[in-house]
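Undergrad: Residue numbers (full-length UniProt numbering), protein chains in the order written: chain S, 1 to 210; chain E, 1 to 210.
Backbone N, C-alpha and C fix where the C-beta goes; we use that ideal spot for every residue, glycine too.
Following this line, the structure appears as structure tokens:
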């Protein structure tokens, strides 16, 4: 299968499709049309058909897409057939919110270790995980086969945490701190910036109205 | 200026450029090349030049982009020249984290009211804002000229909150609940899903390595 050319925009929409498809299975719905998907997700049905066509022909005209099959395909494309272990550094409000987020388990991604640099936090519990000191990061990453790191520390500490992740062998970093961090090639960094989400939301609000 | 055709991917990158450019001004840097931007943001310099070319020619060969000018341009494109007021519903860990996020002020977006459906939260303070009951939403939205609503409630309550936002006249909704919500046309909904961020991160990790 040729997957090299999938654009970032498509990859970012797939989890949204997956979320809604999962809701459909819970409701017992077995087929869905691109029109239904488009209505529900506020996307153009033609765009959805185009996105899904990247991965081969799944939909049948007048019948729609088989929900289970589509879920399996998207999970396969996003490599959700294996479990990815995640470490989180920074146990403030945001870190706690993310740790408690129940979606992880369903999506085969799981926060398995949490760290903080504040000694008063060591040994406290978040979502059944013990908060560990940073000097245990490297050993824990190796022992638990952690491949993804989440940063929820203040902006000034983010690069330092990223460096520690890289040293420990982490291959993907999701940074929630409001600063730009850098990692060597081979380590993928995504900046999860809800300010950015707000800004792009404002952009589209204005451009829809005017 | 033709801005109708700007793709979602570009609009999502602009806030990231803005973030780094703001960091540069703080450091006193006055010009930046697409190469510098690319190195720092893990993006292809050609992609950056292409993105910025959408808005006219700003960079000069061998000199680079004027940082202040670029910031002004991006702020203008993203309509940051005016202040947008934001309401937030749901004062759990995530709601608290977002309320405290200092970036808002700089980006001319500000959470000016917070709401919860739990009576025990009424009258408590978050970031100097008093938590209000939901039945005050509509009046507050009008009084404070709030145009954007953030949802940080459990998935089961998200659609209900969205409906209340729409009734109150909100035009843009940023949903952090792990469920798909729907709004009438004219109201823009973005799903801020960090599970999606993690999934797309995992996708790229695999595709860079293999």
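By the three-class DSSP mapping on this structure, what secondary structure does residue 43 (chain E) have?
TA: Residue 43 (chain E) falls in the coil class under three-state DSSP.
Undergrad: Compare the C-beta of residue 27 (chain E) with all C-beta atoms of chain S and state if any pair is closer than 7 Å.
TA: Judged by the 7 Å Cβ criterion, residue 27 (chain E) is not in contact with chain S.
Undergrad: Measure the alpha-carbon distance for residue 196 (chain E) versus residue 28 (chain E) and round it to whole angstroms.
TA: Their backbone Cα atoms lie some 36 Å apart in a straight line.
Undergrad: Please state whether DSSP places residue 166 (chain E) in a helix, a strand or coil.
TA: Helix at residue 166 (chain E).
Undergrad: If we define contact as Cβ-Cβ less than 7 Å, is residue 96 (chain S) a contact residue for chain E?
TA: Judged by the 7 Å Cβ criterion, residue 96 (chain S) is in contact with chain E.
Undergrad: What are the start and end residues of the beta strand (DSSP E) that includes residue 154 (chain S)?
TA: Careful: residue 154 (chain S) lies outside any beta strand (DSSP E) and carries neither H nor E.
Undergrad: So does the stretch 52 to 69 of chain E actually touch the stretch 112 to 126 of chain E, counting three or more Cβ pairs closer than 8 Å?
TA: The stretch 52 to 69 of chain E is not in contact with the stretch 112 to 126 of chain E.
Undergrad: Sort E:50, E:148, E:204 and E:39 by Cα distance to residue 175 (chain E) and report the nearest one.
TA: Among E:50, E:148, E:204 and E:39, the Cα nearest to that of residue 175 (chain E) belongs to E:148.
Undergrad: Using a Cβ-Cβ cutoff of 7 Å, what residues of the UniProt DNA-binding region "H-T-H motif" (16 to 55) of chain S are near chain E? List them in chain order.
TA: Flagged, chain order: 16, 19, 20, 23, 40, 41 and 42.
Undergrad: Using the Cα positions of residue 146 (chain S) and residue 76 (chain S), report the straight-line distance between them to the nearest angstrom.
TA: Going by the C-alpha atoms only, they are around 20 Å apart.
Undergrad: Quick check: what's the CA-CA separation for residue 165 (chain S) versus residue 131 (chain S)?
TA: Each residue's alpha carbon lies about 16 Å from the other.
Undergrad: What is the residue span of the beta strand (DSSP E) that residue 111 (chain S) lies within?
TA: Residues 109 to 116.
Undergrad: Rounded to the nearest angstrom, what separates residue 173 (chain S) and residue 110 (chain E) at their Cα positions?
TA: So the alpha carbons of these two residues sit roughly 28 Å apart.
Undergrad: Helix or strand or just coil, what does DSSP make of residue 48 (chain S)?
TA: Reduced to three states, the DSSP call for residue 48 (chain S) is helix.
Undergrad: State yes or no: is the beta carbon of residue 177 (chain E) nearer than 7 Å to at least one beta carbon in chain S?
TA: No, because no Cβ of chain S sits closer than 7 Å to the Cβ of residue 177 (chain E).
Undergrad: Residues of chain E with CB closer than 9 Å to the CB of residue 235 (chain S), please, in chain order.
TA: No information on residue 235 (chain S) is available, as it lies outside the stretch 1 to 210 that chain S covers here.
Undergrad: At 9 Å on the CB atoms, spell out the chain A contacts of residue 115 (chain E), in chain order.
TA: Given the protein chain composition of this structure (S and E), no chain A is represented.
Undergrad: Out of S:24, S:48 and S:26, state which residue places its alpha-carbon closest to the alpha-carbon of residue 14 (chain S).
TA: Residue S:48 is the option with its Cα nearest to residue 14 (chain S).
Undergrad: Tell me which same chain residues have a C-beta within less than 8 Å of the C-beta of residue 84 (chain S), skipping the five on either side of it?
TA: Once the five neighbours on either side are set aside, the close Cβ partners of residue 84 (chain S) are 108, 109, 110, 147 and 148.
Undergrad: Distance check for residue 55 (chain E) and residue 184 (chain S), CA to CA, integer angstroms please.
TA: In a straight line, the C-alpha of residue 184 (chain S) is about 31 Å away from that of residue 55 (chain E).
Undergrad: Considering only residues of the same chain and omitting the five flanking positions on each side of residue 138 (chain S), which have a CB-CB separation below 7 Å?
TA: Only 167 and 168 meet the Cβ criterion.
Undergrad: Cutting at 6 Å between CB atoms, please list the residues of its own chain near residue 188 (chain S), excluding the five before and the five after it.
TA: Here the set comprises 172.
Undergrad: Using beta-carbon positions only, say whether residue 114 (chain E) and residue 98 (chain E) come within less than 7 Å of one another.
TA: Not closer than 7 Å, so no.
Undergrad: Closest by CA to residue 133 (chain S), which one among S:91, S:144 and S:96?
TA: The residue with the shortest Cα to Cα distance from residue 133 (chain S) is S:91.
Undergrad: Could you check what DSSP says for residue 97 (chain E) in three-state terms: helix, strand or coil?
TA: It is helical.
Undergrad: Would you mind sorting residue 93 (chain S) into buried or exposed? The rule is 16 or more other CB atoms within 10 Å of its CB.
TA: Buried is the call here.
Undergrad: Considering only the alpha carbon of each residue, which of E:194, E:126, E:79 and E:200 lies closest to residue 88 (chain E)?
TA: Closest option to residue 88 (chain E), Cα to Cα, is E:126.
Undergrad: Apart from the five residues just before and just after residue 79 (chain E), which ones in its own chain have a Cβ nearer than 7 Å to its Cβ?
TA: Taken in chain order, the list of residues that qualify is empty.
Undergrad: For residue 80 (chain S), which three-state DSSP category applies?
TA: Residue 80 (chain S): coil per DSSP, three-state reduction.
Undergrad: Could you tell me whether the Cβ atoms of residue 20 (chain S) and residue 180 (chain E) are closer together than 7 Å?
TA: For residue 20 (chain S) and residue 180 (chain E), yes; Cβs fall inside 7 Å.
Undergrad: Note down the Cα distance separating residue 170 (chain S) from residue 37 (chain E), rounded to an integer number of angstroms.
TA: So the alpha carbons of these two residues sit roughly 24 Å apart.
Undergrad: With residue 21 (chain E) as the anchor, note down where its alpha helix (DSSP H) starts and where it stops.
TA: That run of the alpha helix (DSSP H) goes 8 to 26.
Undergrad: Per DSSP, which residues does residue 126 (chain S) bridge with? Please list them.
TA: DSSP lists S:129 as partners of residue 126 (chain S).
Undergrad: Using 7 Å as the limit for Cβ to Cβ distance, is residue 65 (chain E) near chain S?
TA: Closer than 7 Å: no.
Undergrad: By how many angstroms is the C-alpha of residue 203 (chain E) removed from the C-alpha of residue 22 (chain S)?
TA: Approximately 19 Å between the Cα atoms of the pair.
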